[in-house]
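Notes for the one structure printed next.
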Amino acid sequence: MKIAQVAPLYESVPPQLYGGTERVVSYLTEELVRQGHDVTLFASGDSVTSARLVPICRQALRLDEHSIDALAHHVLSLEQVFQQAGDFNILHFHLDYIHFPLSRRAGQPNVTTLHGRLDIPDLAPLYREFGDIPVVSISDAQRVPLPHARWAGTVYHGLPEDLLPFREGPGDYLAFLGRISPEKRVDRAIEIARRVGLPIRIAAKIDPTDQQYFNEEIAPLFEQPFVEYLGEVDEAGKADLLGGAVALLFPIDWREPFGLVMIEAMACGTPVVAWRGGSVAEVISDGVSGFVVEDLDAAVEATMRAATLDRRRCREVFEARFTASRMARDYLAIYESLTSRTSSARRHDLRIVAQQEA
């Protein structure tokens, strides 16, 4: 199958440091190539892939100090994609909704994975208007705010099986990995660590929009002696951080669409203590790969029990549900369904034209 993968341009594919969407695009692209498909990746020029790369901009926009207008680059990407659209069996977008008017008019089989939050009032009329555009959710919980969208399926994220090594025994600290932002609640993670009497290592990105929040509310918490801030970490640093932890803390305060870090921890055999919300109850097998909690007291109790969970069972949950090979198979089933439906519709249209001409 000839497949176009269209990535955001804010990070490279895969990202050098933090970046969930682009990381998933990379895992999917590489697995599709490994399975023998002809894949073209539209992404930033510093991306690394075994697919054919169409470089839209010189480097990831977040790392380019000269880039001011990110939208301009994404419009250029869409022009490149639709100029070549006829070369592909299907176009797979990871750009939210920016391409919808073009996809509607191009008539080429396409699908869009929605990676972000959908509980935003502005989105409802847009997805109602574009109810003909097939979209994929990354959890069943993610799609709840938009029941009228044309859902082609839910596909959970997956990681290459050999990406993060399994660690048999836990270390002596807790871990937090993600962004420093109000909805990620690193302050809760620090309070849990304080109450259970364990140090916490925090690897996190700080976006410019969250800098004031960090300065005013989080930076003072980082001054406590049991808190170690690592900044952003690469893949090797992530493996060390997660693999050596007693548990990953995921104390979110929003409707998390998926939460890639949860399955990264599972791959290492590290259980997750996570607040119920969004995808959490779908991803975590409660009492097996971690605990789903609803308040701080429950989180403290669960964290103290985390070391009793079988780390090998955590890894087995990952291998059964969250590998890149399973993710690719799920997407291929959707691709095949959409392309066969389009082919049937075209054959139907040709028959009508032939009957009219006769």
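Everything in the sequence shown is counted per this note's numbering, starting at 364 for the first residue and increasing by one.
Heads up, the beta-carbon is just placed ideally off N, CA and C, and yes, glycines get one too.
Just so it is clear, the structure is predicted and the values come from calculations on it, not from any experiment.
The shortest C-alpha to C-alpha distance from residue 376 to any of 399, 410, 394 is the one to 410. In this chain, the beta strand (DSSP E) harbouring residue 497 covers 497 to 500.
By the Cβ test, the segment 449 to 469 is in contact with the segment 490 to 501, since at least three Cβ pairs between them sit closer than 8 Å. In terms of Cβ geometry, residue 634 and residue 599 do not form a close pair [threshold 8 Å]. DSSP, reduced to helix, strand and coil, places residue 608 outside both helices and strands of the structure shown, so it counts as coil. One Cα belongs to residue 505, the other to residue 693, and the distance between them is close to 17 Å.
A distance below 8 Å separates the beta carbons of residue 641 and residue 619. Looking at the DSSP output, residue 401 shares a beta bridge with 365. Under the criterion of beta carbons closer than 8 Å, residue 407 and residue 433 do not qualify as touching, at roughly 11 Å. Here residue 481 is actually not in contact with residue 522; their C-beta atoms are around 24 Å apart, not less than 8 Å.
A distance below 8 Å separates the beta carbons of residue 659 and residue 554. Shown here, residue 591 sits in a strand according to DSSP, grouped into three states. Taking one beta carbon from each stretch, the segment 686 to 701 and the segment 655 to 675 have fewer than 3 pairs nearer than 8 Å; the two do not touch. Taking 8 Å as the cut-off, the Cβ atoms of residue 607 and residue 676 do not count as close. A distance of 8 Å or more separates the beta carbons of residue 702 and residue 473.
Contact between residue 516 and residue 697 holds: their C-beta atoms lie close to 5 Å from each other, under 8 Å.
In the DSSP assignment, residue 651 falls outside any beta strand (DSSP E), carrying neither H nor E. In the structure shown, residue 418 adopts extended strand secondary structure according to DSSP, grouped into three states. With 16 or more other Cβ atoms inside 10 Å of its own Cβ, residue 624 counts as buried. In this structure, residue 527 keeps its C-beta atom at 8 Å or more from the C-beta atom of residue 604.
The beta carbon of residue 548 lies closer than 7 Å to those of 614, 615, 616 in the same chain, with the five residues before and after it left out. For residue 513, the enclosing beta strand (DSSP E) starts and ends at 513 to 517. Beta-bridge pairing by DSSP links residue 539 to 565.
By the Cβ-count criterion, residue 374 is buried, with 16 or more other Cβ atoms from all chains shown falling within 10 Å of its own Cβ. Contact annotation: residue 566 and residue 595 have beta-carbon atoms nearer than 8 Å.
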